[in-house]
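Notes follow once the structure below has been shown.
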Amino acid sequence: MRYTQEFTVSIITPSWNSEGYIKDTVQSVQNQTYKNWEMIIVDDCSTDRTVEIVENIAKTDSRVKILRQENNLGAGAARTRGMQSASGRFIAYLDADDIWKPEKLEKQVDFMIRNNYGFSCTSYEVIDNDGKSMNKYVHMLPKVDYIGFLTNNLLQTVGIMVDTDKVDKKYLVMPDIRRRQDAATWLQILKAGFVCYGIDEILAEYRRTEGSLSSDKFKAAKGVWSLYRDIENLSLPFSCYCFFRYAVLAVWKRLYIRRM
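No gaps in the numbering here: position 182 of the sequence shown is 182 in this note's numbering, and each next residue is one more.
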């Protein structure tokens, strides 16, 4: 251990019908070498056993907490509620089907404290619906700024951490949109002048299902365009430029993404 674990990390997890994954997700947090954390799971009106599973875990681990939304408002609203309820200096995000490597929190907090950074993201591995590696690894750049993220959508929620002693929580309030609300939030932080510093080590696992790739691609592209025009209010020419770079890099990642 590089230092005492004096800073609490608040982990924000939105959930909706996640009974198949939530136990493994919580377990990956409980397995962290960094023990000073709270996990705030905000359930968005699940109709399966998600709440029951989390409540049973919380009975034996007081660090795990659950909040229940009265209406289904989407992941963005759930993350915002969790963030507003957080007591920790550091905010990290973990969706209900994703996984962290055991040293994720320890290494990321150390990285941020040691370098005096306010915003960071780790590299991550892509896993399939069954939790098996797809042999795809997304490696973070040393740093990403506002323009860089517009043209290379590299930041993934599973790797994000924010130091709220440096980044005001107002920038973590997610926009009221159903898609790309996380990306819009990272842009809010970057537009405020912060830089996201990358840790080029695989410390997280991002789950991606292969069930409807063509539909997902179209929806993703539509969401990116809406992000440029409706959220960021970019000009049409600059939106076209950013979208072209986004599309080229997306194809490049799919064809040449680093494999191990």
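From the three backbone atoms N, C-alpha and C, an ideal C-beta is built for every residue, glycine too.
Taking the beta strand (DSSP E) that S133 belongs to, which residues open and close that run? Within the sequence shown, residue 133 is the residue found at index 133, counting from 1. S133: member of the beta strand (DSSP E) spanning 133-138, first to last residue.
Pairs of beta-carbons, one from the region 71-88 and one from the region 112-125, closer than 8 Å: are there three or more? Short answer: they don't touch.
Distance between beta carbons of G198 and L150, contact taken as under 8 Å: In the sequence shown, counting from the first residue as 1, residue 150 sits at position 150. In the sequence shown, counting from the first residue as 1, residue 198 sits at position 198. In fact, because the Cβ distance is near 17 Å, the residues do not count as touching under 8 Å.
Rounded to a whole number of angstroms, what is the C-alpha to C-alpha distance between W225 and Q32? Translated into positions along the sequence shown, residue 225 becomes position 225. Translated into positions along the sequence shown, residue 32 becomes position 32. Roughly 37 Å between the two C-alpha positions.
Could you tell me which whole beta strand (DSSP E) segments of length 3 or greater appear in the region 25-94? The beta strand (DSSP E) runs lying completely inside the region 25-94 and spanning 3 residues or more are 37-43, 64-68, 90-93, given in chain order.
Is P14 helix, strand or coil when you go by DSSP? Locating residue 14 in the sequence shown gives position 14, where the first residue counts as 1. Strand.
Straight-line Cα distance separating Q156 from K101: Counting from one through the sequence shown, the residue named residue 101 turns up at place 101. Counting from one through the sequence shown, the residue named residue 156 turns up at place 156. Rounded to whole angstroms, K101 to Q156 spans 15 Å at the Cα level.
For the region 124-136 against the region 50-65, do three or more pairs of beta-carbon atoms, one drawn from each stretch, fall closer than 8 Å, so that the two count as touching? Contact fails: fewer than three Cβ-Cβ distances are below 8 Å.
Classify V224 as helix, strand or coil using the three-state DSSP reduction. Along the sequence shown, one-based indexing puts residue 224 at 224. In this structure, DSSP gives V224 a helical state, which the three-state scheme calls helix.
Give me the Cβ distance between T8 and S123, rounded to the nearest whole Å; I'm assuming they're in contact under 8 Å. The count along the sequence shown starts at 1 and reaches residue 8 at position 8. The count along the sequence shown starts at 1 and reaches residue 123 at position 123. In fact, because the Cβ distance is near 24 Å, the residues do not count as touching under 8 Å.
In whole angstroms, what separates the C-alpha of Y228 from that of L172? Taking the sequence shown and counting its residues from 1, one reaches residue 228 at position 228. Taking the sequence shown and counting its residues from 1, one reaches residue 172 at position 172. CA-to-CA, the gap between Y228 and L172 works out to about 19 Å.
Between which two residues does the alpha helix (DSSP H) carrying R106 extend? In the sequence shown, the residue the question calls residue 106 occupies position 106. Correcting the residue identity first, residue 106 is Glu in this sequence and not Arg. According to the DSSP assignment, E106 belongs to the alpha helix (DSSP H) that extends over 104-115.
CB Y93 to CB I160, shorter than 7 Å? Locating residue 93 in the sequence shown gives position 93, counting from the first residue. Locating residue 160 in the sequence shown gives position 160, counting from the first residue. In this structure, Y93 lies near I160, with their beta-carbon atoms less than 7 Å apart.
Nearest-angstrom Cα distance between E201 and I231? For this step, residue 201 is matched to residue 201 along the sequence shown. For this step, residue 231 is matched to residue 231 along the sequence shown. One C-alpha to the other measures close to 31 Å.
So what does Y197 bridge to, in DSSP terms? As a working mapping, residue 197 is identified with position 197 in the sequence shown. Bridge partners of Y197: S120, K143.
Contact check, D44 vs A78, beta carbons under 7 Å: Here residue 44 refers to the residue found at position 44 of the sequence shown. Here residue 78 refers to the residue found at position 78 of the sequence shown. Closer than 7 Å, so yes.
Return the chain-ordered list of same chain residues with a C-beta closer than 8 Å to the C-beta of F111, the five sequence neighbours on each side being excluded. Position 111 of the sequence shown holds residue 111. Cβ neighbours of F111 beyond the five flanking positions: Y117, S120, Y197, I199.
With DSSP as the reference, label I22 as helix, strand or coil. Along the sequence shown, one-based indexing puts residue 22 at 22. Helix.
Span separating the alpha-carbon of M39 from that of G76: Taking the sequence shown and counting its residues from 1, the one referred to as residue 39 is at position 39. Taking the sequence shown and counting its residues from 1, the one referred to as residue 76 is at position 76. If I take the Cα positions, the gap works out to 17 Å.
Report yes if the C-beta distance between E205 and I91 is below 7 Å; otherwise report no. To locate residue 205, count along the sequence shown from 1; it is residue 205. To locate residue 91, count along the sequence shown from 1; it is residue 91. No.
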